[in-house]
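A short worksheet on the structure shown next.
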Amino acid sequence: MRLVWIRAAIVGAVVLTTVAFLLAFFVAAPAPFGEVRIPAAQVSGAQLGPNQPVGVEGDNMVFLRWDMGQKIFYFHVPVAEASFLVFLFAAVYGGLFLAKRDRKWDTRSRIAMEVTLFFVLLTMVTGVIWTKWAWGVWWQWEPRLTTYFIMTLLVVAYFVLRNSVEDEERRATYAAVFAIVAFIDAPISFLITRVLPSTHPVVFKSGGLDGWQLATFIIAQLGMLLFGFAVYELRLHEERLGERLEVLKNSLGG
Amino acid sequence: MNPVLEQIYSLVVPSAPYIIVAYALIWVALFGYVFFVSLRLGRIETQMSVLEDTMARRDKTAGAVKAAAEADDAESAS
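Here the protein sequences come in this chain order: A and B.
Counting along the first sequence from 1, when you hit position 147 you're at 146 in numbering that gives the first Met the number 0, and nothing is skipped either side.
Counting along the second sequence from 1, when you hit position 16 you're at 15 in numbering that gives the first Met the number 0, and nothing is skipped either side.
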């Protein structure tokens, strides 16, 4: 029954992200990216379509330039926000393990960290692709990128730590403490562009999304969160089945 | 070509490889992850059903042996 719900969540995530993909390219308006001046004599009114001039300067008409590279935003940001949220769950489950000393919370925390790592890597890769297009460089040591890079290293370090401790109880305890401490970087990374001067765009600070742009973003965000939930549950289901398999093997062997 | 469209396409085309790579990567990664987890899950489920069958057969054999032993005991008692 659980597997049916997980499959339904995956289908839901596929539908939502596909709808967001189509909206991003066919409905949501591209963001303006500077201006372009074209001699008025070359401009035929009938051919302009929706791209109307925003002003006139001497013999030139001023048009907005549209940035198609901005379309990466509709998936890059939802993936990044999903990474923050799943990371929060990993830290909370770590805290629950420390409080209750029940191994199930350690398993949940580890799986949440695994999903976090997946989202973090996707955020980093789509981020540098956008950076290359928008800023002309693959990387810049500005506050958001730097703190997010630190977060990536922390998530990777979590798995290095787990693999370096043999005793199961100690491993679970260290990992739980590490997950909680590492999570401190997430709100710092999220809020830093609102506190320090940064070249990274802060879309919601200026309220820069119109109706369809916002709708596209919300649908993509819901799809990505649903996907994160589905993958987490799928991995948890796999882990539980694996544990049952071990018990069966041991009872047969005994 | 219409100068406005020319300007628009000059922006669309250079950004296209970046957009395509970013989107393709997200989709391939998402589906790849689900695919591999499902594959591992399928493998575990197969192993589970094989083991459960083996255990059921073993229990059945043990039950038959036990029943035979009980019948044997009853026969010798009479």
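Backbone N, C-alpha and C define an ideal beta-carbon position, used for all residues, glycine too.
For a contact meaning CB atoms closer than 9 Å, what does A:His-75 contact in chain B? In chain order, Ala-21 and Ile-25 make up the part of chain B whose C-beta sits under 9 Å from the C-beta of A:His-75.
Alpha-carbon to alpha-carbon, A:Val-26 and A:Gly-68: Annotation: A:Gly-68 to A:Val-26 spans about 15 Å, alpha carbon to alpha carbon.
Give the residues of chain A in contact with B:Leu-40, contact being defined as C-beta atoms less than 8 Å apart. The contacting residues are Leu-233, His-236, Glu-237 and Leu-240.
Return the bridge partner residues of A:Asn-59 from the DSSP annotation. Note: A:Asn-59 sits in a beta bridge opposite A:Pro-38 and A:Glu-56.
At 8 Å on the CB atoms, spell out the chain E contacts of B:Thr-45, in chain order. Here chain E cannot be found, since the structure's protein chains are A and B.
Which residue wins for smallest C-alpha separation from A:Ala-23, given the options A:Ala-175, A:Lys-70, A:Val-35 and A:Ile-187? Of A:Ala-175, A:Lys-70, A:Val-35 and A:Ile-187, the residue nearest in Cα terms is A:Lys-70.
Test item: CB-CB of A:Thr-115 and A:His-75 under 9 Å: With respect to the 9 Å criterion, A:Thr-115 and A:His-75 are not classified as neighbours on the basis of their beta carbons.
Which chain A residues are close to B:Ala-28, counting only those with a beta carbon under 7 Å from its beta carbon? Think of a sphere of 7 Å around the beta carbon of B:Ala-28: the chain A residues whose beta carbon falls inside it are Leu-121, in chain order.
Which residue or residues does DSSP assign as beta-bridge partners of A:Trp-137? As DSSP reads the structure, A:Trp-137 sits in no beta bridge.
Under 8 Å from the C-beta of A:Arg-100: neighbouring residues of chain B: Listed along the chain, the chain B residues whose CB falls inside 8 Å of the CB of A:Arg-100 amount to none; the nearest CB is some 27 Å away.
So B:Thr-53 contacts chain A; which residues on that side make the cut at Cβ distance below 7 Å? Taking a Cβ-Cβ threshold of 7 Å, the residues of chain A close to B:Thr-53 are Leu-251, in chain order.
Cβ-based burial, B:Ile-25 [other Cβ within 10 Å; buried from 16]: Counting Cβ neighbours within 10 Å, B:Ile-25 comes out buried, since at least 16 surround it.
Whole angstroms are fine: how far does the CA of A:Arg-170 sit from the CA of A:Gly-94? Spanning the two alpha carbons is a distance of roughly 14 Å.
Any Cβ of chain A within less than 9 Å of the Cβ of B:Arg-57? Yes, contact with chain A.
List, in chain order, every chain A residue whose beta-carbon is nearer than 8 Å to that of B:Val-36. Here the neighbours are Val-230, Leu-233, Arg-234 and Glu-237.
Rounded C-alpha distance that separates A:Phe-88 from A:Gly-57: One C-alpha to the other measures close to 59 Å.
Per-residue contacts from A:Phe-226 into chain B (C-beta, under 7 Å): Taking a Cβ-Cβ threshold of 7 Å, the residues of chain B close to A:Phe-226 are Leu-29, in chain order.
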